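The sequence shown begins at 1 in full-length UniProt numbering and counts up by one.
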Amino acid sequence: MEVGGNSQNIERLKRASRRIWTKKEEDAFVTILEDLVTKGYRCDNGSFKPGTNLIIEKALTNIFPTCGIKANPHIDSKMKVLRKQYSIVYDMLSKSGFGWNDVKKCVEVDSEEVWQSYVQHHKEAEGWKRRPFPLYEKLMNIYGTDRANGQGAETPVDMVEDINRNHVIDDMGDEEESLNQTSSTNSTASSRRKRKKPSDNISEGLRKLAESFDKMMEKSNEQVEKTVEVIVESARKKEHDQHNFMWEELTRLEIPVEVCIDALDIIVAKPWTISIFNSLSDEKKVEFVMSLLRKK
């Protein structure tokens, strides 16, 4: 009975951590992550600096105040999912016979034979042929050619050990200095001096670590505020510029105003349509807009 109860609790926790992201939330998340990479938040080993997910959480909350997206489990889970999807597509494109369709934003294969041979040995790739993945190019900027999960930056335990190690060096230096004293008075005073116990070193290390964390958090909070402001403003400006561009394009094509308004609502709700729209000739652009309106 207890085992069954535990299983149900685990299942409830799993369900609580699941979240369906909207397209706008996902696009904003990737844009924020891309911006953080340019600001140096991605380490050389492929991992992200501690606190990155909290910065993303705060930025998303500023853009979508009622979204309720948390660093853990939502952002942490989304990071893993996108990295896995990126790895699948990246691996496919690294093989002969596979190519990227820049208009449809998907992987294409030269032949069915090549595809069947590949999925036979890469089960995770099933369903990815011609499946739209408009985030791939942005994820390329984020992950590049590195697809491994790197180790994080220095942990608190490492920091304590570093602090304690420095204290040991300092203590050894004190002892060496006392041995070099030639005065009998100084030698007597030195012999009476109490040596630090190992537990004293640990306590001192933890105290200094706590002080270091306090200072680090003060600076981090200030940096987070500035970063979030820049990211939010950048996202809003980008969205505003896209709206202006699309409106100018639609009116340039002499599409009636009321149709332009309806079309703009659809295109803004589906950002991936902008790249397709831009790749078309003027004649095809009008057909594309009318097609979107018919499917409304």
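Glycine included, C-beta positions come from ideal geometry on N, C-alpha and C.
On a predicted model such as this, the values are computed, not experimentally measured, just so you know.
Discussion item. Let me check understanding here. Comparing Cα to Cα, which of V89, V37 and T251 lies closest to I56?
Written reply: Its Cα nearest to that of I56, the residue V37 stands out among V89, V37 and T251.
Worksheet item: In its own chain, which residues sit with a C-beta less than 7 Å from the C-beta of A28, not counting the 5 before and 5 after it?
Response: A distance below 7 Å between beta-carbons, with the five flanking residues on each side excluded, links A28 to the following residues of its chain, in chain order: L60, I63 and A235.
Worksheet item: Between which two residues does the beta strand (DSSP E) carrying E258 extend?
Response: No beta strand (DSSP E) holds E258; the alpha helix (DSSP H) holding it covers V257 to A269.
Worksheet item: What do you reckon, are the CB atoms on K138 and V30 nearer than 8 Å?
Response: Going by C-beta atoms, K138 is nearer than 8 Å to V30.
Worksheet item: Where does H276 land, buried or exposed, given buried means 16+ other C-beta within 10 angstroms?
Response: The sequence shown places Ile at residue 276, not His. So I276 counts as buried.
Discussion item. Could you compute how far the alpha carbon of Q242 sits from the alpha carbon of V268?
Written reply: Rounded to the nearest angstrom, the gap between the Cα atoms of Q242 and V268 is 8 Å.
Fill in: Alpha-carbon spacing of P271 relative to K238, whole angstroms
C-alpha separation (whole angstroms): 11 Å.
Worksheet item: In chain order, what residues of the same chain have a beta carbon less than 8 Å from the beta carbon of C260, not counting five sequence neighbours either side?
Response: Setting aside the 5 residues that flank it on each side, C260 is surrounded in the same chain by W247, L250 and T251, each with a C-beta closer than 8 Å to its C-beta; the list follows chain order.
Fill in: DSSP state of F288 mapped onto helix, strand, coil
F288 sits in a helix when the DSSP states are folded into three classes.
Worksheet item: Can you tell me the Cα-Cα spacing of G46 and E283, whole angstroms?
Response: One alpha carbon belongs to G46, the other to E283, and they sit about 44 Å apart.
Worksheet entry | Residues sharing a beta bridge with E233, DSSP | According to DSSP, which records beta bridges pairwise, E233 is partnered with nothing at all.
Worksheet item: Where does N45 fall in DSSP's three states?
Response: Here N45 sits in coil by DSSP.
Discussion item. For a minimum of 4 consecutive residues, which ranges assigned as the alpha helix (DSSP H) are wholly contained in the stretch 62-138?
Written reply: Listed in chain order, the complete alpha helix (DSSP H) runs (minimum 4 residues) inside the stretch 62-138 are 76-93 and 112-121.
Worksheet item: T31 lies in the alpha helix (DSSP H); which residues open and close that run?
Response: Taken as a continuous stretch (DSSP letters only), the alpha helix (DSSP H) holding T31 covers K23 to T38.
Item to complete: Provide the residue span of the alpha helix (DSSP H) that contains E274, from first to last.
Response: Note that residue 274 is Ile in the sequence shown, not Glu. It spans W272 to S279 - the alpha helix (DSSP H) in which I274 sits, taken as one unbroken run.
Worksheet item: Is it right to say P132 is buried, meaning 16 or more other beta carbons lie within 10 angstroms of its own, or is it exposed?
Response: It counts as exposed.
Item to complete: Determine the direct distance from the alpha carbon of K84 to that of K70, and round the result to whole angstroms.
Response: Each residue's Cα considered, the two are about 20 Å apart.
Worksheet item: Going by the beta-carbon positions, is the gap between W115 and V89 smaller than 8 Å?
Response: No.
Item to complete: Give me the Cα-Cα distance between T66 and K95, rounded to the nearest whole angstrom.
Response: Whole-angstrom Cα-Cα distance: 43 Å.
Practice prompt. Give me the Cα-Cα distance between V157 and T52, rounded to the nearest whole angstrom.
Written response: Low confidence applies here, because V157 scores a pLDDT of 40, under 50, leaving its location unreliable; read the following figure in that light. Their backbone Cα atoms lie some 20 Å apart in a straight line.
Discussion item. Checking 8 Å against the spacing of the C-beta atoms, do S279 and V103 come in under that value?
Written reply: Yes; because the gap between Cβ atoms is below 8 Å, this pair is in contact.
Fill in: Cutoff 6 Å; reference R130; Cβ partners in own chain excluding five residues on either side
Cβ contact annotation for R130 (same chain, cutoff 6 Å, sequence separation greater than five): C106, in chain order.
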